[in-house]
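S.K.: Submitted below is the structure of interest, expressed as structure tokens.
Right, here's the structure in full:
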């Protein structure tokens, strides 16, 4: 394996990990960076095949995203919490190795063997979290169109897009708060999403906020 880069602001952890990897990978040269900025500078100046990034180090997600998108370096993230959102963020950034913080040094070393070959490696808990995320996305409607929403729902969608609360929507449209809440609930149900923010994000990604506005202007 060609040189490896470890990025962690915990120098003791980085040194212990470097010692473990030196024993596992023989003469491989291992370099330590104590910040994301230092790691980025080293990547520009040297050649690495893998990077081990500490999830608790500041700016690790942007570092992993940039490294995976702009280089051929394989990224392994260690020190992850049992937090599905954090796991998903690193997976979406491009990391192919995801190791929880309770893993010992030998487990990280074993994971690195797989990652160095370009293979995905993660714990059963991480795999389960990612599968639940994929399953949740697959439950969304295959097709969503502007005509699925009533004219009132269209008005509410535009107000949601503008960041209005339920109280503000009720006041703006001169309707009862309970009525506004009911309309918002119906919108979430039609989109099969859990929150107002996700509803707006879904409609924006499909270009339907504009489509609904255009439909209403024709009425």
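In our numbering, the protein residues as written are 234 to 452.
Glycine included, each C-beta is placed from N, C-alpha and C at the ideal position.
I want to know whether the segment 352-369 touches the segment 310-325 - three or more CB-CB distances under 8 Å.
M.R.: Yes, since at least three Cβ pairs between the segment 352-369 and the segment 310-325 fall closer than 8 Å, the two stretches touch.
S.K.: Does DSSP put residue 354 in a helix, a strand or coil?
M.R.: In the chain shown, the residue the question calls residue 354 occupies position 121. Three-state result, residue 354: strand.
S.K.: Which value, in whole angstroms, describes the spacing of the CA atoms of residue 375 and residue 321?
M.R.: In the chain shown, residue 375 corresponds to position 142, counting from 1. In the chain shown, residue 321 corresponds to position 88, counting from 1. Because residue 375 carries a pLDDT of 49, less than 50, the predicted location of this residue cannot be relied on, and the following value inherits that uncertainty. Their Cα atoms are separated by approximately 22 Å.
S.K.: Locate the alpha helix (DSSP H) running through residue 394, then write down its first and last residues.
M.R.: Position 161 of the chain shown holds residue 394. Taken as a continuous stretch (DSSP letters only), the alpha helix (DSSP H) holding residue 394 covers 384-394.
S.K.: Would you report the Cα separation of residue 390 and residue 409, rounded to the nearest angstrom?
M.R.: The residue you call residue 390 lines up with position 157 of the chain shown. The residue you call residue 409 lines up with position 176 of the chain shown. Distance between the alpha carbons of residue 390 and residue 409: 17 Å.
S.K.: Using the three-state DSSP reduction, which class does residue 239 fall into: helix, strand or coil?
M.R.: Here residue 239 is taken as the residue at index 6 of the chain shown, counted from 1. Three-state result, residue 239: strand.
S.K.: How is residue 330 classed by DSSP in three states: helix, strand or coil?
M.R.: Numbered from its first residue, the chain shown carries residue 330 at position 97. Strand.
S.K.: Which whole runs of the beta strand (DSSP E) in the segment 243-277 are 3 residues long or more, in chain order?
M.R.: Correct list: 263-266.
S.K.: Note down, in chain order, each residue of its chain lying with its Cβ closer than 7 Å to the Cβ of residue 340, except the 5 sequence neighbours on either side.
M.R.: On the chain shown, residue 340 is found 107 positions in, with the first residue counted as 1. 332.
S.K.: Buried or exposed: where does residue 241 fall if 16 or more other Cβ atoms within 10 Å of its Cβ makes it buried?
M.R.: Counted from its first residue, the chain shown places residue 241 at position 8. When all chains shown are included, residue 241 counts as buried.
S.K.: Does the beta-carbon distance from residue 356 to residue 327 come in below 8 Å?
M.R.: Here residue 356 refers to the residue found at position 123 when the chain shown is read from its first residue. Here residue 327 refers to the residue found at position 94 when the chain shown is read from its first residue. No, the pair does not count as a contact, with Cβ atoms beyond the cut-off.
S.K.: Do residue 288 and residue 308 have their C-beta atoms closer together than 8 Å?
M.R.: Within the chain shown, the letter at position 55 stands for residue 288. Within the chain shown, the letter at position 75 stands for residue 308. In this structure, residue 308 does not lie closer than 8 Å to residue 288 by Cβ.
S.K.: Mapping the DSSP letters down to three states, classify residue 305 as helix, strand or coil.
M.R.: Reading the chain shown from its first residue, position 72 is the one you call residue 305. Residue 305: coil per DSSP, three-state reduction.
S.K.: Please say whether residue 272 and residue 296 have beta carbons closer to each other than 8 Å?
M.R.: The residue labelled residue 296 in the question sits at position 63 within the chain shown. The residue labelled residue 272 in the question sits at position 39 within the chain shown. Yes, the pair counts as a contact, with Cβ atoms nearer than the cut-off.
S.K.: If you draw a straight line from the alpha carbon of residue 306 to that of residue 349, how long is it in whole angstroms?
M.R.: Numbered from 1 along the chain shown, position 73 holds the residue referred to as residue 306. Numbered from 1 along the chain shown, position 116 holds the residue referred to as residue 349. Going by the C-alpha atoms only, they are around 9 Å apart.
S.K.: Let me know if residue 244 comes out buried or exposed under the rule of 16 or more other beta-carbons within 10 Å of its beta-carbon.
M.R.: By 1-based counting over the chain shown, the position of residue 244 is 11. It is exposed - the Cβ of residue 244 has fewer than 16 other Cβ atoms within 10 Å.
S.K.: For residue 262, which residues of its own chain have a beta-carbon under 8 Å away from its beta-carbon, when the five flanking residues on both sides are left out?
M.R.: In the chain shown, residue 262 corresponds to position 29, counting from 1. Correct list, in chain order: 236 and 237.
S.K.: Go through its chain and collect everything with a Cβ distance to residue 381's Cβ below 7 Å, but skip five positions before and after it.
M.R.: Here residue 381 refers to the residue found at position 148 when the chain shown is read from its first residue. Taken in chain order, the residues that qualify are 423.
S.K.: If you reduce the DSSP assignment to three classes, tell me which class residue 287 lands in.
M.R.: Start at 1 with the first residue of the chain shown, and residue 287 comes out as number 54. Looking at residue 287 - three-state DSSP - the assignment turns out to be strand.
S.K.: Short check: CB of residue 291 to CB of residue 269, under 8 Å?
M.R.: To locate residue 291, count along the chain shown from 1; it is residue 58. To locate residue 269, count along the chain shown from 1; it is residue 36. For residue 291 and residue 269, yes; Cβs fall inside 8 Å.
S.K.: Would you mind reading off the limits of the alpha helix (DSSP H) that contains residue 425?
M.R.: Position 192 of the chain shown holds residue 425. Element bounds for residue 425: n/a, residue is neither H nor E.
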